[in-house]
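Q:
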Amino acid sequence: MKVAILSDIHANRFALEAVLSDLDRAGVETILFAGDVVGYYYWPRQTIDRIVADGRFICIRGNHEDIFREYVADASCRDSYRKKYGSGYDVCLSELDAGHLAWLDQLPEQASVEIGGRRFFMRHGSLRSTDEYIYPDADAAKLLANHSGEDITIFGHTHYPFVHASGERLLLNPGSVGQPRDVGGLASYALVLTDTGVVQFRRRNFDKDAVAAAAKARDPELAYLWKILER
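Residues 1 to 231 (this note's numbering) make up the sequence shown, in order.
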């Protein structure tokens, strides 16, 4: 079986559509998504609708789902988050209906699933926390400590793809679909072939100009939101 591993879409519908087109061509049967549907960019409704309609997704929540939950509940925090991340959460507030909010709220913190005879474990940040970063250059002890014991342990959060092997077990970060930070403008994801255990990292072009134009119009003071797409 072919299992796609995605993370960190960040309401970038252009990147998501590019990746899903690639997955359709590849005949992918299951998509594991390691969190951060929302945050940063401006198409949360279209992104959630696309994920729900697709039918192949198994999803967990990321730190940006937790932030948005706080954003909804406590108006006093909104200005600080807006200054840091831009107006993407405001778009969520204005465009997401009760069904979208309920879908976000039900996302679990972690998930374990068996697919094609292999066991997968997902959490957004690390074994300990949704908001801990495990970078590709982390020391060996930290990487080993974050293997879950399942065949493949999946994290996201850093937006940097990597794989680390411990015997036959793998620690895998697919990188970011919506805001890749190693190579700008190329959506990153991983493909796992369950019969062989082979992992392929894949990239897809998306309309980064459309995303950048929206960021410049909505958040002109946060140049990071478009410059990160040009690395």
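Just so you know, even glycine gets a beta-carbon here, dropped at the ideal spot from N, CA and C.
None of the values given here were measured: they were computed from a predicted structure.
Could you check where the alpha helix (DSSP H) with N146 kicks off and where it finishes?
A: The residue you call residue 146 lines up with position 146 of the sequence shown. Neither: N146 is in no alpha helix (DSSP H) and is coded neither H nor E.
Q: How about Y135 and G125: are their beta carbons less than 8 Å apart?
A: In the sequence shown, the residue the question calls residue 135 occupies position 135. In the sequence shown, the residue the question calls residue 125 occupies position 125. Going by C-beta atoms, Y135 is not nearer than 8 Å to G125.
Q: Work out the CA separation of A111 and F14 for me, nearest whole Å.
A: Within the sequence shown, numbered from 1, the residue matching residue 14 stands at position 14. Within the sequence shown, numbered from 1, the residue matching residue 111 stands at position 111. Spanning the two alpha carbons is a distance of roughly 27 Å.
Q: Using only the alpha-carbon positions, how far apart do P161 and F201 sit?
A: Counting from one through the sequence shown, the residue named residue 161 turns up at place 161. Counting from one through the sequence shown, the residue named residue 201 turns up at place 201. Those two C-alpha atoms are separated by around 8 Å.
Q: Assuming D219 and G86 make a contact with CB atoms under 8 Å, what is their CB distance in whole Å?
A: Counted from its first residue, the sequence shown places residue 219 at position 219. Counted from its first residue, the sequence shown places residue 86 at position 86. Yes, they are in contact, since the Cβ atoms of D219 and G86 sit about 4 Å apart, within 8 Å.
Q: What do you get for T196, buried or exposed, if any count of 16 or more other CB atoms within 10 angstroms of its CB means buried?
A: Sequence index remark: in the sequence shown, residue 196 carries index 196 (1-based). Exposed: under 16 other Cβ atoms inside 10 Å.
Q: Rounded to the nearest angstrom, what separates Y224 and V183 at their Cα positions?
A: Position 224 of the sequence shown holds residue 224. Position 183 of the sequence shown holds residue 183. C-alpha separation (whole angstroms): 14 Å.
Q: Which whole-angstrom value describes the C-beta separation of H10 and G178, a residue pair presumed to lie in contact below a C-beta threshold of 8 Å?
A: Within the sequence shown, residue 10 is the residue found at index 10, counting from 1. Within the sequence shown, residue 178 is the residue found at index 178, counting from 1. The pair is a contact, with the Cβ atoms about 4 Å apart (cut-off 8 Å).
Q: Please classify N12: does DSSP put it in a helix, a strand, or coil?
A: Translated into positions along the sequence shown, residue 12 becomes position 12. Three-state result, N12: coil.
Q: Alpha carbon to alpha carbon, how far is W2 from R118?
A: One-based indexing of the sequence shown puts residue 2 at position 2. One-based indexing of the sequence shown puts residue 118 at position 118. A small fix is needed here, since residue 2 is Lys in this sequence, not Trp. In a straight line, the C-alpha of K2 is about 12 Å away from that of R118.
Q: Contact between the region 99 to 109 and the region 49 to 62 is defined here as three or more beta-carbon pairs at a separation below 8 Å; is this criterion met?
A: Touching, per the Cβ criterion.
Q: What are the uninterrupted segments assigned as beta strand (DSSP E) that are 3 or more residues long and contained completely in the region 137 to 198, given in chain order?
A: You should have 152 to 154, 162 to 166, 169 to 173, 186 to 193.
Q: Around the C-beta of C77, are 16 or more other C-beta atoms found within 10 angstroms, so that it is buried, or is it exposed?
A: Indexing the sequence shown from 1 puts residue 77 at position 77. With fewer than 16 Cβ atoms within 10 Å of its Cβ, C77 is classed as exposed.
Q: Helix, strand or coil for I67? Go by DSSP, reduced to three states.
A: Here residue 67 is taken as the residue at index 67 of the sequence shown, counted from 1. I67: helix per DSSP, three-state reduction.
Q: How about S7 and G35: are their beta carbons less than 8 Å apart?
A: By one-based count along the sequence shown, residue 7 stands at place 7. By one-based count along the sequence shown, residue 35 stands at place 35. Closer than 8 Å, so yes.
Q: Going by beta carbon distance, what residues of the same chain come within less than 8 Å of E150, once the five residues before and after it are set aside?
A: The count along the sequence shown starts at 1 and reaches residue 150 at position 150. Answer for E150: S112, R119, F120, F121, R169, listed in chain order.
Q: Report the option in E29, Y89, T130 whose CA atom is closest to the CA atom of D74.
A: On the sequence shown, residue 74 is found 74 positions in, with the first residue counted as 1. Comparing Cα positions, the closest option is Y89.
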